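My numbering puts the sequence shown at residues 43 to 292.
Where a beta carbon is used, it is the ideal one built from N, C-alpha and C, also for glycine.
These numbers were taken from a predicted model, which means no experiment stands behind them.
I have placed the structure first, in the form of structure tokens, so that the comments after it can refer back to it.
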Amino acid sequence: MRILILGGTTEASALAGLLAENPCFSPLLSMAGRTSDPRPLPIPTRIGGFGGVVGLARFLRDERIEAVVDATHPFAAVMSRNAAAACAETDVPLLALRRPPWEPQEGDRWIEAASMEDAVRALGEVPRRVFLTVGRLELTPFAFAPQHTYLVRTIEPIGDALPVPNVIAIRDRAPFDEVAERALMRRERVDVVVTKNSGGAATYPKIAAARALGLPVIVVARPEKPRDVAEVATAEAAFDWLETLHRGTP
Ligand SMILES: NC(=O)c1ccc[n+]([C@@H]2O[C@H](COP(=O)([O-])OP(=O)(O)OC[C@H]3O[C@@H](n4cnc5c(N)ncnc54)[C@H](OP(=O)(O)O)[C@@H]3O)[C@@H](O)[C@H]2O)c1
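What follows is the structure, given as structure tokens:
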């Protein structure tokens with residue numbers, strides 16, 4: 043069974059690992075190409091956009107894809123919309139592999155933000171030391187609050203994406219560790235953390251570290267994703283869904 047996984051996440055890589063070991067499946071994992079040095083995967087990969095809904099629908103037909111798993115990041119809303127539209131058009135079964143959002147725990151000091159612009163406003167007028175962990179492509183709105191000092195952590199270099207006087211840029215990638223996160227926040231005298239509500243374990247340690255240090259966290263809510271799509275939360279459940287589909291295919 044020819045499967046297209048829309049990836050760029052830990053879950054997509056985990057599903058790739060499960061499928062690689064099963065000769066019933068011929069999977070292909072697609073990435074947008076935002077990371078210059080993606081981790082190696084045990085299945086074939088392709089990199090780059092498809093060209094919207096039309097391009098993806100053509101790709102599904104040309105490659106004779108029999109099932110799509112949308113395992114993109116919770117904030118990759120365009121790709122998920124395109125996948126739903128292209129799969130509906132081509133009659134290819136679609137499964138969304140979506141990790142549940144983080145929920146506040148006792149001791150958390152969360153400030154919920156509806157958007158990145160909302161998060162900027164929530165920082166307020168008084169200069170603060172901000173640990174900004176929203177990804178390189180979401181930095182621009184923070185240029186409108188240049189009074190703050192930003193500790194920015196990204197996978198790729200930020201270039202001139204955040205043109206403010208006080209930026210400390212560090213490059214690192216998940217998984218992170220709570221003890222190290224606490225040490226980093228203490229060393230850099232962080233006042234507040236800004237994060238997307240990405241969910242998952244790999245980047246959760248910053249949330250736990252902020253809780254331990256009593257720091258507020260501005261949590262940006264997820265964008266809407268298509269609702270009328272079958273959904274699971276783990277790579278294992280996605281594998282089971284594919285196996286069931288495969289058994290039912292003549
Ligand atoms: N947004 C985040 O916070 C975040 C965090 C971690 C990882 N990621 C990963 O980074 C990628 C891009 O995220 P985004 O937020 O920029 O997505 P997006 O806004 O939903 O997608 C923008 C465009 O990028 C292309 N694209 C996105 N994901 C793709 C994939 N897996 N394979 C091929 N093309 C893809 C598509 O181009 P065409 O229209 O030309 O097909 C899509 O229309 C995704 O794969 C996502 O899983 C995103």
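Beta-carbon spacing of Ala138, Glu285 below 7 Å:
no
In three-state terms, what does DSSP make of Phe173?
strand
Under the three-state reduction of DSSP, which class applies to Ile47: helix, strand or coil?
strand
Should Asp219 and Pro183 be called a contact, given that it needs their Cβ atoms to be closer than 7 Å?
no
Give me, in chain order, the residues of the same chain whose beta-carbon lies closer than 7 Å to that of Pro265; leave out the 5 immediate sequence neighbours on both sides.
Phe117 and Ala119
Beta carbon of Phe101: closer than 6 Å to some heavy atom of ligand 1?
no
Take the Cβ of Asp79 as the centre, count every other Cβ of all protein chains shown within 10 Å, and call the residue buried at 16 or more, exposed below.
exposed
How close, in whole Å, do the beta carbons of Ser55 and Arg76 come, if the pair is a contact with beta carbons under 8 Å?
Ser55 to Arg76, Cβ: 15 Å. No contact.
Count Cβ pairs between the stretch 123-134 and the stretch 143-158 that sit closer than 8 Å; are there 3 or more?
no
Specify, as a first and last residue, the run of the alpha helix (DSSP H) that Glu159 falls within.
Met158 to Leu165
Strand pairing of Leu193, partner residues [DSSP]:
Phe173 and Ile210
Alpha-carbon to alpha-carbon, Thr191 and Leu165:
11 Å
Where does Trp283 sit, in a helix, a strand or coil, going by DSSP?
helix
Could you please give the first and the last residue of the uninterrupted alpha helix (DSSP H) stretch that includes Arg100?
Gly94 to Asp104
Arg158 to Arg213, Cα distance in whole Å?
The amino acid occupying residue 158 in the given sequence is Met; Arg does not appear at that position. Rounded to whole angstroms, Met158 to Arg213 spans 21 Å at the Cα level.
Thr87 versus Asp112, Ile47 and Ala113, residue with shortest Cα-Cα distance
Ile47
Within a Cβ cutoff of 6 Å, which residues of the same chain sit near Thr51, ignoring the five residues on either side of it in sequence?
Ala113 and His115
Distance between Met73 and Val236 (C-alpha atoms, nearest Å)
26 Å
Apart from the five residues just before and just after Thr83, which ones in its own chain have a Cβ nearer than 7 Å to its Cβ?
One detail in the question is off: residue 83 reads as Leu in this sequence, not Thr. Answer for Leu83: Ser55, Ala58 and Leu71, listed in chain order.
I want to check one thing, is the minimum distance from the CB of His190 to the heavy atoms of ligand 1 below 6 Å?
no
Enclosing beta strand (DSSP E) for Val134 [first to last residue]:
No beta strand (DSSP E) contains Val134, which DSSP labels as neither H nor E.
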